[in-house]
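Right, one structure below, let's go through it.
There are 4 protein chains.
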Amino acid sequence: MKLKDEGKKRAIDEKTLDIVFDKGIAGIKMAVLAKDVGISPSTLYVYYKNKEDLIVSLFTTIIKEQMTISKNENQLDLPFKLRLKKMWLQWLHFGVNNYKEMGFIEQVKQSPYYVKIPSKVKEEKTELGVELLEEGKLKGVIKNIENELHVAVISAILSQTVKLILSKELSLNEKNSDKMFSFVWDAIKT
Amino acid sequence: MKLKDEGKKRAIDEKTLDIVFDKGIAGIKMAVLAKDVGISPSTLYVYYKNKEDLIVSLFTTIIKEQMTISKNENQLDLPFKLRLKKMWLQWLHFGVNNYKEMGFIEQVKQSPYYVKIPSKVKEEKTELGVELLEEGKLKGVIKNIENELHVAVISAILSQTVKLILSKELSLNEKNSDKMFSFVWDAIKT
Amino acid sequence: MKLKDEGKKRAIDEKTLDIVFDKGIAGIKMAVLAKDVGISPSTLYVYYKNKEDLIVSLFTTIIKEQMTISKNENQLDLPFKLRLKKMWLQWLHFGVNNYKEMGFIEQVKQSPYYVKIPSKVKEEKTELGVELLEEGKLKGVIKNIENELHVAVISAILSQTVKLILSKELSLNEKNSDKMFSFVWDAIKT
Amino acid sequence: MKLKDEGKKRAIDEKTLDIVFDKGIAGIKMAVLAKDVGISPSTLYVYYKNKEDLIVSLFTTIIKEQMTISKNENQLDLPFKLRLKKMWLQWLHFGVNNYKEMGFIEQVKQSPYYVKIPSKVKEEKTELGVELLEEGKLKGVIKNIENELHVAVISAILSQTVKLILSKELSLNEKNSDKMFSFVWDAIKT
DNA sequence: CATGAATGAGCGTTCATTCAT
DNA sequence: TATGAATGAACGCTCATTCAT
Numbered sequence: 001m002k003l004k005d006e007g008k009k010r011a012i013d014e015k016t017l018d019i020v021f022d023k024g025i026a027g028i029k030m031a032v033l034a035k036d037v038g039i040s041p042s043t044l045y046v047y048y049k050n051k052e053d054l055i056v057s058l059f060t061t062i063i064k065e066q067m068t069i070s071k072n073e074n075q076l077d078l079p080f081k082l083r084l085k086k087m088w089l090q091w092l093h094f095g096v097n098n099y100k101e102m103g104f105i106e107q108v109k110q111s112p113y114y115v116k117i118p119s120k121v122k123e124e125k126t127e128l129g130v131e132l133l134e135e136g137k138l139k140g141v142i143k144n145i146e147n148e149l150h151v152a153v154i155s156a157i158l159s160q161t162v163k164l165i166l167s168k169e170l171s172l173n174e175k176n177s178d179k180m181f182s183f184v185w186d187a188i189k190t
Numbered sequence: 001m002k003l004k005d006e007g008k009k010r011a012i013d014e015k016t017l018d019i020v021f022d023k024g025i026a027g028i029k030m031a032v033l034a035k036d037v038g039i040s041p042s043t044l045y046v047y048y049k050n051k052e053d054l055i056v057s058l059f060t061t062i063i064k065e066q067m068t069i070s071k072n073e074n075q076l077d078l079p080f081k082l083r084l085k086k087m088w089l090q091w092l093h094f095g096v097n098n099y100k101e102m103g104f105i106e107q108v109k110q111s112p113y114y115v116k117i118p119s120k121v122k123e124e125k126t127e128l129g130v131e132l133l134e135e136g137k138l139k140g141v142i143k144n145i146e147n148e149l150h151v152a153v154i155s156a157i158l159s160q161t162v163k164l165i166l167s168k169e170l171s172l173n174e175k176n177s178d179k180m181f182s183f184v185w186d187a188i189k190t
Numbered sequence: 001m002k003l004k005d006e007g008k009k010r011a012i013d014e015k016t017l018d019i020v021f022d023k024g025i026a027g028i029k030m031a032v033l034a035k036d037v038g039i040s041p042s043t044l045y046v047y048y049k050n051k052e053d054l055i056v057s058l059f060t061t062i063i064k065e066q067m068t069i070s071k072n073e074n075q076l077d078l079p080f081k082l083r084l085k086k087m088w089l090q091w092l093h094f095g096v097n098n099y100k101e102m103g104f105i106e107q108v109k110q111s112p113y114y115v116k117i118p119s120k121v122k123e124e125k126t127e128l129g130v131e132l133l134e135e136g137k138l139k140g141v142i143k144n145i146e147n148e149l150h151v152a153v154i155s156a157i158l159s160q161t162v163k164l165i166l167s168k169e170l171s172l173n174e175k176n177s178d179k180m181f182s183f184v185w186d187a188i189k190t
Numbered sequence: 001m002k003l004k005d006e007g008k009k010r011a012i013d014e015k016t017l018d019i020v021f022d023k024g025i026a027g028i029k030m031a032v033l034a035k036d037v038g039i040s041p042s043t044l045y046v047y048y049k050n051k052e053d054l055i056v057s058l059f060t061t062i063i064k065e066q067m068t069i070s071k072n073e074n075q076l077d078l079p080f081k082l083r084l085k086k087m088w089l090q091w092l093h094f095g096v097n098n099y100k101e102m103g104f105i106e107q108v109k110q111s112p113y114y115v116k117i118p119s120k121v122k123e124e125k126t127e128l129g130v131e132l133l134e135e136g137k138l139k140g141v142i143k144n145i146e147n148e149l150h151v152a153v154i155s156a157i158l159s160q161t162v163k164l165i166l167s168k169e170l171s172l173n174e175k176n177s178d179k180m181f182s183f184v185w186d187a188i189k190t
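Protein chains in written order, with the working numbering: chain A, 1 to 190; chain B, 1 to 190; chain C, 1 to 190; chain D, 1 to 190.
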């Protein structure tokens, strides 16, 4: 339809993320959010049925965006390690650029709102290149253990790296990226 | 007169952790907490000045407990790798046994209550065996890079492992522990 | 949208004065006040930020009204005594007609709320015709002593007179007014 | 009987007056009062049945003290004006020395507790030398009008004088006392 | 679509009073 | 008598949501 101002909806989403980043999920107050957006509290309800709807919808939107990012340019004829590195760096940049979104997701997961998320969305785990991992195991270049463990390690170092960068303890440049990826590679390689 | 039941304070702390684990920090409702403990809401205020005091005090208590655990049996004449492993496993068990406490700490950190934590408590970072890392670098058995990065990797894998165990995706036995520690070791070793 | 009913604020003020007159300042209970006004307790907070704001604002409003009343028609070419009498009677009528407001002011002054009154408002003492007193002293018709003392006596008799009238021990008519003013005049005249 | 520690009761009364003087009657919090006295809250209830009992009893006690003071040394063979002056000064000193008690009385009178005061106590109006006034009217030295009006004027100037002294705007010495009494005398004399 | 006013449900907290020793 | 713990009954206030325009 698009009768409603789509830009306004985006503004609401953005300010919501800002608030959650600043004060946590409990900091979302409809009146404050409205003020931040520059609209009336009641106008919020034109775009979202209620607070829960706002949070659940935003959660779903973000998850879907993340799915999109992880799905592209999987196939190249580069060596395995390089392909994994490219992918990892892609996630790293995504994480750094979307830290507010990531924080929102994490906070919702430990809030009572999480039970309201449709299971369909919950199930959509970031596949995180499972195919790639399988290929690596077949080729014998990474440890032959459960994918979950590989995923755990890769994403653990990923999110810690993002945190270091955001807290300015680490600057995002090629040297540091290489350094951090070497942890990943050394951890999982055979 | 009635004697102050010290166990009651502990009961309050415990139920608080339960609530935060179940519903997040925003789920702490003084009335509900009181009911869970089996006392009157106003009795809570005999033990804590107010909600903020409850959260801040509990936070402080937990941090101090964590400090204690990380400080013992540092010196052995075992090989470096084994000593690091022992320490890592110790943290792993602590994390698994105190997952509610850990979750509480994490949630407070992203809540508005965090600014109320005395800076003294904030500064008490778990040193996490910095000395051990220095020694490893001197001996040339682990990468010669900033300690923060080593710490980041080690604790990243640690917390992911805890999560896997708690979510029953991984059971806590020697084989799995070894597997996960091998990630750690391979990641940081030279 | 609904338009803000300015009369509602006035109604809140009025009922507040009623309550303070009946039960004292400690008798102001937001829920009761709301019921008296015929609105929901939370609606009170649309008009006043909180209880303190209500009391302080009302105090300020009343003081400003009093300032207005004392400032008019100072200059006439009547004899001094007559001019003073006119002024005194004016205050008397004001006091009788605004006894609830006066009572409110007095009660706030001996309550912990008084420290919250902006000093600007506190400073605005009813000048109470200081100029007139000066003139009287110059002309030699009233005692040549500090204005504060004259003011003290004049207002002391004034407020006692108001009390007598309100308690029906004295009815407000010309004869009684004359009688009471004669006390004033005899007290201060040379 | 005197089984209970009479000194402790006096301490309670005194601290109550202090509190009312500092914060008003609404400032009486049983727990705070107990702390001020240096006893446990529950001990208060050994001496007074409840808060109302405390306030009503203290009110009654003070009123009775005031009665006592006004009743002595009425008859002298001094000139009328001098006798009135002596009495007025006596009251003035009483007022200055017992300002906390006076303030307490005034505050109770405009509080909901006043309806709980036994009417017997309420009726005990400080006679304030009615006999003396009658004598003055008979001798033709003071105005021949209702005693209530004389009393009103005399006590009005009295309480204003006390206020001036307490607020340090006027110091309590013979000169100032004379000045203020001259207002009284000039006001009521024929 | 947009809004500011209005509100009910509920929350954190206080406090006079009682309990249990 | 004396007390610290315990509590129920409020009270002030917040906030998601709806009303009325």
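Beta carbons are placed, not taken as given, at the ideal position from N, Cα and C, and that holds for glycine.
Query, Result
"Pick from 40(B), 151(B), 56(B): whose alpha carbon is nearest that of residue 131(B)?", "151(B)"
"At the level of alpha carbons, what is the spacing between residue 183(A) and residue 129(A)?", "18 Å"
"Applying a beta-carbon distance threshold of less than 7 Å, which residues of chain B neighbour residue 27(A)?", "112"
"Output the boundary residues of the alpha helix (DSSP H) element that contains residue 160(C).", "147-166"
"Roughly how many angstroms separate the alpha carbons of residue 84(A) and residue 13(A), rounded to a whole number?", "32 Å"
"Would you say the stretch 156-174 of chain C touches the stretch 18-36 of chain D, given that touching needs at least three Cβ pairs under 8 Å?", "no"
"Could you name the residues of the same chain whose beta carbon sits closer than 7 Å to that of residue 103(D), not counting the 5 residues immediately before and after it, in chain order?", "20, 21"
"Are the beta-carbon atoms belonging to residue 30(D) and residue 44(D) less than 7 Å from one another?", "yes"
"Under three-state DSSP, which class holds residue 28(C)?", "coil"
"Have a look at the DSSP bridge pairing and note the partners of residue 189(A).", "142(A)"
"Does residue 101(C) pass the burial test, meaning 16 or more other C-beta atoms within 10 Å, or should it be called exposed?", "buried"
"To the nearest angstrom, report how far apart residue 4(C) and residue 52(B) are at their CA atoms.", "36 Å"
"Could you check where the alpha helix (DSSP H) with residue 121(A) kicks off and where it finishes?", "119-123"
"For the stretch 27-41 of chain C, list every residue whose C-beta sits within 8 Å of some C-beta in chain D, in sequence order.", "27"
"Residue 92(A) versus chain B: which residues are under 8 Å apart at the beta carbon?", "What residue 92(A) touches in chain B: nothing, since even the nearest Cβ is about 13 Å away."
"Return the first residue and the last residue of the alpha helix (DSSP H) that residue 41(B) is part of.", "41-47"
"Pull up the distance between the alpha-carbon of residue 160(B) and that of residue 46(C), whole angstroms please.", "48 Å"
"Buried or exposed for residue 40(C), please, with buried defined as at least 16 other CB atoms from any protein chain shown within 10 angstroms of its CB.", "exposed"
"Could you pull out every residue in the same chain whose Cβ sits closer than 7 Å to the Cβ of residue 177(A), ignoring the five residues on either side in sequence?", "89, 92"
"Under 8 Å Cβ-Cβ, which residues of chain D neighbour residue 122(C)?", "None at all; the shortest Cβ gap to chain D is about 13 Å."
"Could you tell me which chain A residues have their CB closer than 7 Å to the CB of residue 64(B), listed as they occur along the chain?", "Per Cβ cutoff of 7 Å: no residues; residue 64(B) is ~24 Å from chain A at best."
"Got a sec, what are the start and stop residues for the alpha helix (DSSP H) residue 97(C) sits in?", "80-97"
"Nearest CA to the CA of residue 64(C): which residue from 138(C), 185(C), 124(C)?", "124(C)"
"Can you look up residue 17(B) in the DSSP assignment and give me helix, strand or coil?", "helix"
"Is the beta carbon of residue 153(B) sitting closer than 7 Å to the one on residue 95(B)?", "no"
"Under a three-way DSSP split, which group does residue 3(C) fall into?", "coil"
"Determine which residues of the stretch 148-161 of chain D have a Cβ less than 8 Å from any Cβ of chain C, and write them out in chain order.", "148, 149, 152, 153, 155, 156, 157, 159, 160, 161"
"Roughly how many angstroms lie between the CA atoms of residue 133(B) and residue 147(B), to the nearest whole one?", "7 Å"
"Measuring only the C-alpha atoms, how far is residue 67(C) from residue 62(B)?", "60 Å"
"Here's the rule I'm using: 16 or more other beta-carbon atoms within 10 Å means buried, otherwise exposed. How should residue 180(D) be labelled?", "buried"
"From 135(D), 122(D), 54(D), 35(D), pick the residue whose C-alpha is nearest to that of residue 77(D); which is it?", "135(D)"
"Along chain C, which residues have their Cβ under 7 Å away from the Cβ of residue 89(D)?", "Going along chain C, no residue has its Cβ under 7 Å from residue 89(D), so there is no contact; the nearest lies around 17 Å."
"So, helix, strand or coil for residue 38(B), using DSSP?", "coil"
"Could you give the DSSP three-state label for residue 110(B): helix, strand or coil?", "coil"
"Quick check on DSSP: helix, strand or coil for residue 77(A)?", "coil"
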